[in-house]
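**Student:** Position 107 of the sequence shown, counted from 1, bears residue number 117 in the working numbering, the numbering being contiguous throughout.
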Amino acid sequence: MRRQAGPADGTELIIVNNCKESVWPGILGTAGHETPREGGFQLSSGEQTVLQVPEQWSGRIWPRQGCCFDENTGKGSCQTGDCAGLLQCGGIGGVPPASIVEMTLGTSNSDLHYYDVSLVDGFNIPVSMVPIGGGEGCGVASCEADLNVCCPEALVVKRQGKVVGCKSACLAAKTDRYCCTGDYADPKSCKPTIFAHLFKAIALGLTVLPMMMLQGLRLARLLAMSLPSALLMTIDGDLSTL
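1) What's the gap between the Cα of glycine 16 and the Cα of leucine 208?
2) Which of the three DSSP states, helix, strand or coil, is assigned to phenylalanine 77?
3) If we ignore side chains and look at the alpha-carbon of each, how far apart do leucine 122 and histidine 43 end up?
4) With DSSP run on the structure shown, which of helix, strand or coil describes glutamate 22?
5) For asparagine 158, which residues in the same chain have their Cβ closer than 6 Å to its Cβ, ignoring the five residues on either side in sequence?
6) Please state whether DSSP places isoleucine 37 in a helix, a strand or coil.
7) Only counting the same chain, and skipping five residues up and downstream in sequence, which positions put a Cβ closer than 7 Å to that of serine 32?
8) For methionine 311, I'd like the list of residues in its chain whose CB is within less than 6 Å of its CB, leaving aside the five on either flank, ordered along the chain.
9) Tell me the residue span of the alpha helix (DSSP H) that contains leucine 61.
10) When you compare each of Gly149, Lys85 and Trp67 to threonine 117 by their alpha carbons, which one comes out closest?
11) For serine 293, does the count of other Cβ atoms within 10 angstroms reach 16, so buried, or fall short, so exposed?
12) I think cysteine 93 touches glycine 36, with their Cβ atoms under 8 Å apart; what is that distance to the nearest whole Å?
13) Considering just the uninterrupted stretch of the alpha helix (DSSP H) at cysteine 29, what are its terminal residues?
14) From this set, Thr90, Asn28 and Pro202, which residue's C-alpha is nearest arginine 9's C-alpha?
15) Pull the bridge partners of cysteine 153 from the DSSP assignment, please.
16) How about proline 107 and leucine 181: are their beta carbons less than 8 Å apart?
17) Can you give me the Cβ contacts of methionine 113 inside the same chain, cut-off strictly under 6 Å, excluding the 5 residues immediately before and after it?
18) Under 8 Å between the Cβ atoms of serine 7 and proline 73?
Below, the structure is given as structure tokens:
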């Protein structure tokens, strides 16, 4: 198990690869926040790594799959979640579709972490976030189902004839109605689509629409009654079937 040195104050973020093949987690700190491990690394099957992130850290992590990088230059490509063809994303976000774990961490004096699993940018691999050592109200955010299996044809992303990802309705249609923009930029007019209902039915508790992000954070506040000592992120897809 790899462990990244870090400050004494903060939260341990444990990332585990339960897939049968390697994955390449991508990491992006939000504006004003550092990006651990230069934004990306390889995680072999069954391997786990521990990141020590500082108090109040905010950012996102997503799994990249089907990657191939040059050992000397760190350049290459990924089938999903690619960040400009770099092993270490270095402040560059991933190309959707990709399952995303979002978080804003608290402090030793606060009463909560915010975290959720978002499919606003689509889906590629099942992921989950589990608090360790928190109060009874701490909840699990997860998408454990392989949505690639039941992805509607209009949203499917294929590589070499195999389904490797499932677009969000916004990503596929690129219209105000599906992206909750323009005339649909408020909760009253931005209603869940049939695709959003499908994903929510399969994997409860997901953020599948832009307008659900605030709702997800409110839910996290209710769930996280006390700070966990660590957060466990698992990547659970069986990539050998893709």
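Virtual Cβ for every residue (Gly too), placed ideally from N, Cα, C.
**Tutor:** According to the data block:
1) With a pLDDT of 45 at glycine 16, under the threshold of 50, the modelled position of that residue is not reliable, and no figure is offered here.
2) Looking at the sequence shown, residue 77 is not phenylalanine but cysteine. In this structure, cysteine 77 counts as coil in the three-state DSSP scheme.
3) 18 Å
4) strand
5) Val173 and Cys176
6) strand
7) Gln52, Leu53, Ser54 and Ser55
8) Since the displayed the chain opens at 11 and closes at 252, residue 311 lies outside it and no answer follows.
9) Taken as a continuous stretch (DSSP letters only), leucine 61 belongs to no alpha helix (DSSP H), being part of the beta strand (DSSP E) at 58-63.
10) Trp67
11) For residue 293 there is no data in the structure shown, the boundaries of the chain being 11 and 252.
12) 5 Å
13) Where cysteine 29 is concerned, there is no enclosing alpha helix (DSSP H), given that its DSSP letter is neither H nor E.
14) Residue 9 cannot be examined here, being either before or after the span of the chain that is shown, 11 to 252.
15) Val137
16) yes
17) Tyr125
18) Given that the chain is displayed from residue 11 to residue 252, the structure contains no residue 7 and the question cannot be resolved.
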